[in-house]
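Read the structure below first, then the notes.
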Ligand SMILES: Nc1ncnc2c1ncn2[C@@H]1O[C@H](COP(=O)(O)OP(=O)(O)OP(=O)(O)O)[C@@H](O)[C@H]1O
Ligand SMILES: [Mg+2]
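Chains as they are written, first to last, in this note's numbering: chain F, 3 to 250; chain X, 2 to 226.
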């Protein structure tokens, strides 16, 4: 379980997160929506410890992210897929995926490679195992990014706008994989601008606005009655996103 | 060719070989020591080990910004006087050039590490990879690839700088040229040959460097094919 309580995060004088409370139970898929600059990425980065928290607390299965030793456990439990893929450019696709399992989970190279090949196979990239990231398309890179995250056998998957640097066709190929994962019961927090995708995979939808959670609702309530959303700000946001998706 | 007693002899060839050996020895030793020290200084700097980093940076700034000849005199005459130890010219040469190389290597190391995309390092941390693994498997190979062209031109430059060590009495290639020239009075034969020797050495470094460069940057070039 991921438990975020009264999370505040400041960058200098700028208050980015202003008291966020959020709980994620095993097996749940939660989508985070919100305007640009509302603090979605910052929240994800606080969970995996890439940003220190200003006050409040985050516990992952009882491990405290603000404790240096426990953060390691948190990081073993949570794998992140990044917006810009952020693969290691000098390593082959296979090495990108096996690095952490070998050096963090102490898997043997052989085991790690076998698992990596299975994962690559499941995303249709088995034939790309020996190429460098520079030789892949954006969609292929992100599929490798997903394999890299899954190779750690994470309990939680953190996704931060994993398709927003992809064109629509590549977006579809990546979203299909994530939908499949969601159906298989993986627990994940997904920051996204893809409303349709959020509607399809989520159990709950959280709407973040200027560092505060504006609503945290089961999917059916969030989307109840097309356009008939409780909060006008969310409706405005959704209509904007609708336009955005329409254009793309 | 020379004539009479002042002509070239087989002994000159031996002298040349000896000078070449000394030059190579000083160059290789000071390059290896300079690389190791420079990388250490760069890392101390990169990981913000503050007091040590600042101290080392002051030292390396002063090494980069003062004439090598002055440094040679300082080491050769200064250190023995200060520490009451004996110092041969060759030792002073290696010490000076090692320090000088290290100062330049440190700057190259820091700028190479800083040019690595930070986000992949964050990704690595987010997977709980230990600092040393990140250094060894992510930072090192990529900064080596970026640093290689700079290191090669530094090495070629430092090879030429070794010729300065003759001023403190090291019998290096340049000093041999001087000795042979004084005896034969054939400057237009001696100096072109000495120059050619340096040129060939520099070319060899460049060729090896190019090979290494290509090997270490394969991952960056594939995308452009
Ligand atoms: N390292 C940082 N230093 C200073 N300010 C930062 C830093 N990171 C983020 N911010 C600021 O925090 C605010 C929230 O940023 P964040 O990236 O979390 O937003 P977001 O909801 O992910 O937006 P987007 O949809 O554009 O990705 C922004 O105003 C941003 O400029
Ligand atoms: Mg963001």
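C-beta atoms are modelled at their ideal positions from N, C-alpha and C, and glycine is treated no differently.
Min CB distance residue i to chain X below 7 angstroms
| i | result |
| --- | --- |
| residue 229 of chain F | Reliability of the predicted coordinates at residue 229 of chain F is poor, the pLDDT of 46 falling under 50, and no value is obtained from them. |
| residue 245 of chain F | Because the pLDDT at residue 245 of chain F is just 47, under 50, the model does not fix this residue reliably, and the point stays unresolved. |
| residue 92 of chain F | yes |
| residue 249 of chain F | Residue placement at residue 249 of chain F is poorly supported in this model, since its pLDDT is 36, which falls under 50; the coordinates still yield a value, given next. Judged by the 7 angstroms Cβ criterion, residue 249 of chain F is not in contact with chain X. |
| residue 6 of chain F | no |
| residue 178 of chain F | no |
| residue 137 of chain F | yes |
| residue 155 of chain F | no |
| residue 132 of chain F | no |
| residue 251 of chain F | Outside the shown range of chain F (3 to 250) lies residue 251 of chain F, about which nothing can therefore be said. |
| residue 222 of chain F | no |
| residue 88 of chain F | yes |
| residue 1 of chain F | No answer is possible for residue 1 of chain F: the residues shown for chain F start at 3 and end at 250. |
| residue 236 of chain F | no |
Cutoff 7 angstroms: residue i Cβ touching any chain F Cβ
| i | result |
| --- | --- |
| residue 119 of chain X | no |
| residue 148 of chain X | no |
| residue 167 of chain X | no |
| residue 220 of chain X | yes |
| residue 110 of chain X | no |
| residue 183 of chain X | no |
| residue 76 of chain X | no |
| residue 142 of chain X | yes |
| residue 209 of chain X | no |
| residue 223 of chain X | yes |
| residue 3 of chain X | Note that residue 3 of chain X scores 43 on pLDDT, short of 50, meaning its location in the model is unreliable and no value can be drawn from it. |
| residue 212 of chain X | no |
Beta bridge counterpart(s) of residue i as assigned by DSSP
| i | result |
| --- | --- |
| residue 292 of chain F | Because residue 292 of chain F is not part of the residues shown, which for chain F are 3 to 250, the question remains open. |
| residue 66 of chain F | F/61 |
| residue 17 of chain F | F/12 |
| residue 34 of chain F | F/193, F/208 |
| residue 82 of chain F | F/160 |
| residue 5 of chain F | F/25, F/61 |
Interface residues of chain C facing residue i [CB-CB closer than 7 angstroms]
| i | result |
| --- | --- |
| residue 204 of chain F | Structure shown: chain C not included; protein chains present are F and X. |
Can you pull out the residues from the region 99-129 of chain F whose beta carbon lies closer than 8 angstroms to at least one beta carbon of chain X?
101, 102, 105, 106
So, does the region 37-50 of chain F touch the region 205-213 of chain F, judging by three or more C-beta pairs under 8 angstroms?
yes
What runs of the beta strand (DSSP E), each 3 residues or longer, lie entirely inside the region 186-238 of chain F?
189-193, 206-211, 214-220
With three or more C-beta pairs closer than 8 angstroms as the rule, is the region 87-98 of chain F touching the region 117-134 of chain X?
yes
Could you tell me whether the region 26-34 of chain X touches the region 84-104 of chain X, where touching means 3 or more Cβ pairs closer than 8 angstroms?
yes
Under 8 angstroms (Cβ pairs) to chain F, residues found in the region 114-139 of chain X:
118, 120, 121, 123, 124, 125, 126, 127, 128, 129, 130, 131, 134, 138, 139
Give, in chain order, every unbroken run of the beta strand (DSSP E) that is at least 3 residues long and sits entirely within the region 132-164 of chain F.
158-162
What are the residues of the region 48-74 of chain F that lie near chain X, defined by any Cβ-Cβ distance shorter than 7 angstroms?
50, 52, 74
Any chance the region 179-192 of chain F sits against the region 155-165 of chain F, with 3 or more Cβ pairs inside 8 angstroms?
yes
Measuring CB atoms only, is the region 161-178 of chain X touching the region 73-80 of chain X, in the sense that at least three cross pairs come out at less than 8 angstroms?
yes
Which residues, taken in chain order from the region 17-37 of chain F, show a beta carbon closer than 7 angstroms to some beta carbon of chain X?
none
Chain F contacts made by the region 49-60 of chain X, where a contact means CB separation under 9 angstroms:
none
Given 8 angstroms as the limit, is there contact between the region 172-185 of chain X and the region 114-128 of chain F, that is, 3 or more CB pairs closer than that?
no
Would you mind listing the alpha helix (DSSP H) stretches within the region 37-65 of chain X that are 4+ residues and don't spill past its ends, in chain order?
51-65
Counting pairs of Cβ atoms below 8 angstroms between the region 99-107 of chain X and the region 55-66 of chain X, do you hit three or more?
yes
Every unbroken alpha helix (DSSP H) within the region 70-115 of chain X, with a cutoff of 4 residues, ordered by chain
80-84, 90-115
Per the contact definition of three or more C-beta pairs closer than 8 angstroms, is the region 141-160 of chain X in contact with the region 109-120 of chain F?
no
Counting pairs of beta carbons, one from the region 50-64 of chain F and one from the region 90-105 of chain F, are three or more of them closer than 8 angstroms?
no
Counting pairs of beta carbons, one from the region 137-146 of chain F and one from the region 63-81 of chain F, are three or more of them closer than 8 angstroms?
no
I'd like to know if the region 195-205 of chain F and the region 170-182 of chain F are in contact, where contact means that at least 3 CB-CB pairs between them fall below 8 angstroms.
yes
Counting pairs of Cβ atoms below 8 angstroms between the region 195-215 of chain X and the region 135-154 of chain X, do you hit three or more?
yes
Quick one: which unbroken alpha helix (DSSP H) runs of 4-plus residues sit fully inside the region 128-154 of chain X? Chain order, please.
132-135
Counting pairs of beta carbons, one from the region 72-82 of chain F and one from the region 14-22 of chain F, are three or more of them closer than 8 angstroms?
no
Under 8 angstroms: do the region 13-28 of chain X and the region 175-186 of chain X share three or more Cβ pairs, one atom per stretch?
yes
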